[in-house]
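Here the structure is laid out as structure tokens; the discussion comes afterwards.
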Amino acid sequence: MNLFSVFVLTIIISSLFAVVFYFINIPSLISYIFAGFLLSRLNLLATEFISILGELGIIFLLFLVGLRLDFTKFKEFSNEVIYLGLGQVIFTSFLGTILGILLGIDFLNAIIIGIAFSFSSTIIITKILIDKNDLDTLYGRLSLGMLLIQDLLAIVLLIFLGLFYVKEFQNTNLFDSALIIVLFLLFFLLGRFLGKFFLKIRNNQELIFLISLSWLLLFISVAKLKNFSIEAAAILAGISLSQSHVLVEITKKFTPIKDLFLIFFFAYLGSKMIMSYQVTLPALIYSIFILIANPLIVFYILNLMGYHTRLAFNTGLTTAQISEFSLILIQAFSKEYISLTGMVGMVTFFVSSLMIYNNQKIYNFLKKFLKFIEIRKTEEKEERKLENHIVVIGFHRMGYIIVHKLIEKYQNILVIDFNPQAINLLKKENINYVFGDIMDDEILIKSNIHKAKLIISTIPHNEENLFLLEKFKNSNIPIILTATNAFDAMNYYKLGAFYVIIPHFLGGEKAGEFIIEILGKLGEREITEKHKKYLENKINLEHL
2 MNLFSVFVLT
12 IIISSLFAVV
22 FYFINIPSLI
32 SYIFAGFLLS
42 RLNLLATEFI
52 SILGELGIIF
62 LLFLVGLRLD
72 FTKFKEFSNE
82 VIYLGLGQVI
92 FTSFLGTILG
102 ILLGIDFLNA
112 IIIGIAFSFS
122 STIIITKILI
132 DKNDLDTLYG
142 RLSLGMLLIQ
152 DLLAIVLLIF
162 LGLFYVKEFQ
172 NTNLFDSALI
182 IVLFLLFFLL
192 GRFLGKFFLK
202 IRNNQELIFL
212 ISLSWLLLFI
222 SVAKLKNFSI
232 EAAAILAGIS
242 LSQSHVLVEI
252 TKKFTPIKDL
262 FLIFFFAYLG
272 SKMIMSYQVT
282 LPALIYSIFI
292 LIANPLIVFY
302 ILNLMGYHTR
312 LAFNTGLTTA
322 QISEFSLILI
332 QAFSKEYISL
342 TGMVGMVTFF
352 VSSLMIYNNQ
362 KIYNFLKKFL
372 KFIEIRKTEE
382 KEERKLENHI
392 VVIGFHRMGY
402 IIVHKLIEKY
412 QNILVIDFNP
422 QAINLLKKEN
432 INYVFGDIMD
442 DEILIKSNIH
452 KAKLIISTIP
462 HNEENLFLLE
472 KFKNSNIPII
482 LTATNAFDAM
492 NYYKLGAFYV
502 IIPHFLGGEK
512 AGEFIIEILG
522 KLGEREITEK
532 HKKYLENKIN
542 LEHL
């Protein structure tokens, strides 16, 4: 079969699998792996040709990763997120290395596989969190922060190994390593001048794309010439242009090309999968390890930090798969295990996606077991039993404002939250609270919620809101809920909600009233200064 036919067939078969997987919430990456596996078994795949196209996909992906890398953003992460990301990678790498040795893998490759398998997929998890509308939840924010820390570690590792780790030691030496570092540093300096030149030709996007592509290929050529990692070179090429003012233009041009060629990278992985006992058994063992050990490691780290069981469990599930960086690391530095890695990727991508989409059902099933194995320090403070009180669920953002507005007139208020940071703030402000999950019956008893005057949920998630409506459907307690859209709000009304807050509608109405109020005061700067002070106060309180 000619190469053009291979190109077309790979895309068509990948598309067919992707359509099917879309309807069962399975990442499209698996469809590409399936396509490669199927076509290779039918002898319809030119493996060497697909490998070259896939290599281009990785180069473009890592170039964009380097381009978007903003080290200043990592200063915004809390210590908890940093400890979580580092802790999970360290423990998984250690245990994964031991597992590799037990499976008969040589020490060096066992270390590389252990480290590679410690990273989880930011791309897959971000998509799932968006699909579930969980990106702005506490577990969503913790997961995303942890995964970004992992990505940074993976990038540093790729660069470090690319510069200093070469299997064919006879083809390289310390002089070559020093030379490549000097060359790349020189390129970095030139990249600054190139960024300034881009400003002069900003209106010519085709020229910007052509020069950027040439710049990337220059880095790759030097790496190839000196037998160094092209993956590390691609990241460095991106970083060297990351301070330019045309990032959006470059990204727009490269993203569709990257997406196209990545299809062939994953198809290549599928084509290399060998369904033999020697590969399948270790792959299944590694898959089980990642699906169980990673979530447990994160679960216990968050438990030790004081986070609630359900939150720790949900966050842990987001690590139950390997990362695109895992595949890239193995492809670059441990190629003989690419078949094993492809199989582990396919299994963990598939199973972890189903687990995360159904995390609440799995949690309910495992709830008693998780309570039994948890090591979290339980909140010792015993709150006095309140009656005829107002219960506010969630102290983040909107909940904080609602509570402080209510306190101006009512003292009989109780807040329920499972974020330790929120609890610390409640302690400082001497506000009644119960630390825990609203979907935990024990917390409902502690809060004496059945004798409340009013229940207000500031959590805009279906699971919690539907739970409350079901729990209090035969009660006379008014329930105020929060929704992200009008459809959910109407459903809550049908099920008995007293009132449903839709933040963007309410915000728009209040903003409109405010604008009408200040129309006659547009020349007065004190309005601006007053709002700036208000925001500074919020930032100081870490109420973002």
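Position one of the sequence shown corresponds to residue 2 (this note's numbering), numbered consecutively onward.
We put the CB at the ideal spot given by N, CA and C, even for glycine.
Mark residue i as exposed unless 16 or more other C-beta atoms lie within 10 angstroms of its C-beta, in which case mark it buried.
i, result
"P28", "buried"
"N477", "exposed"
"S340", "buried"
"K273", "buried"
"E510", "exposed"
"M356", "buried"
"F267", "buried"
"V66", "buried"
"T11", "buried"
"I156", "buried"
"S41", "buried"
"K259", "buried"
"M399", "buried"
"V345", "buried"
"N360", "buried"
"Q279", "exposed"
"S555", "Since the first residue of the chain shown is 2 and the last is 545, residue 555 is not available in this structure."
"L318", "buried"
Output needed for residue i: all residues of its chain with C-beta closer than 6 Å, excluding positions within five of it in sequence on either side, in chain order.
i, result
"L136", "L130"
"N420", "L139"
"A235", "I60, L63, F64"
"Y535", "none"
"F396", "V416, D418, A423"
"S324", "F120, S121, S122"
"L270", "I34, G343"
"Q171", "Unreliable positioning characterises Q171 in this predicted model, as indicated by a pLDDT of 41, which lies under 50. A coordinate reading is not provided."
"E381", "Bear in mind that a pLDDT of 49 at E381, under 50, signals an unreliable position, so the number given afterwards is only what the model happens to contain. None."
"S245", "G196, F199"
"L496", "L470"
"G97", "G115, F118"
Leaving out five residues on either side along the sequence, give the residues of the same chain with a beta carbon under 8 Å from the beta carbon of residue i.
i, result
"N486", "I503"
"F22", "P28, S29, I31, S32"
"K168", "For K168, the predicted structure reports a pLDDT of 47, less than 50, and the residue's modelled location is therefore unreliable. A value from the coordinates is still provided. For K168, where only same-chain residues beyond five positions count, the Cβ hits under 8 Å are F334."
"Y411", "I391"
"L39", "I14, G271"
Going by C-alpha distance, which of the options is nearest residue i?
i, options, result
"N3", "S16, I51, L261", "I51"
"Q422", "L303, L184, I291", "L303"
"R142", "S215, T93, T316", "T316"
"L186", "L145, S241, G146, L200", "S241"
"L104", "V247, I286, F220", "I286"
"I114", "Y338, G37, L318, I258", "Y338"
"S213", "I275, G192, L263", "G192"
"L54", "E250, G37, N44, R42", "G37"
"I106", "P283, L292, E465", "P283"
"A453", "G508, L159, F436, K386", "K386"
"V348", "F290, L43, K369", "F290"
"N425", "V299, S354, K227, G307", "G307"
"N492", "V20, N466, F300", "N466"
"S144", "N538, F314, L263", "F314"
"I481", "F220, I457, L190", "I457"
"K372", "I275, N413, S222, D441", "D441"
"H309", "K429, I439, K406", "I439"
"T320", "I329, V352, L330", "V352"
"E430", "Y84, L45, H405", "H405"
"G58", "V501, I374, F265, V299", "F265"
Spatial neighbours of residue i within its chain, please: CB distance less than 7 Å, with the 5 preceding and 5 following residues excluded, ordered by chain position.
i, result
"K531", "none"
"I519", "I528"
"L148", "S121, T123, I126"
"D489", "N463"
"P461", "T483, A484, T485"
"L237", "G67, I160, F185, F220"
With a cut-off of 8 Å on the beta carbons, I'd call residue i and residue j a contact; round off their distance for me.
i, j, result
"A117", "S327", "4 Å"
"Q332", "I125", "18 Å between Cβ atoms; not a contact."
"I202", "L208", "5 Å"
"I408", "L455", "I408 to L455, Cβ: 14 Å. No contact."
"Q89", "N295", "7 Å"
"I376", "L305", "7 Å"
Got a sec: does the ligand MN put a non-hydrogen atom nearer than 7 Å to the Cβ of residue i?
i, result
"E250", "Ligands are entirely absent from the displayed structure, and the ligand MN is therefore not among its contents."
Completely contained alpha helix (DSSP H) runs for the region 294–342, where each covers 4 or more residues: 310–318, 325–334
Minimum length 4: unbroken alpha helix (DSSP H) runs contained in the region 399–471: 399–408, 421–429, 442–447
Residue ranges of each alpha helix (DSSP H) within the region 203–262, 4 or longer: 206–226, 231–241
Segments assigned alpha helix (DSSP H), at least 4 residues, entirely inside the region 127–172: 139–165
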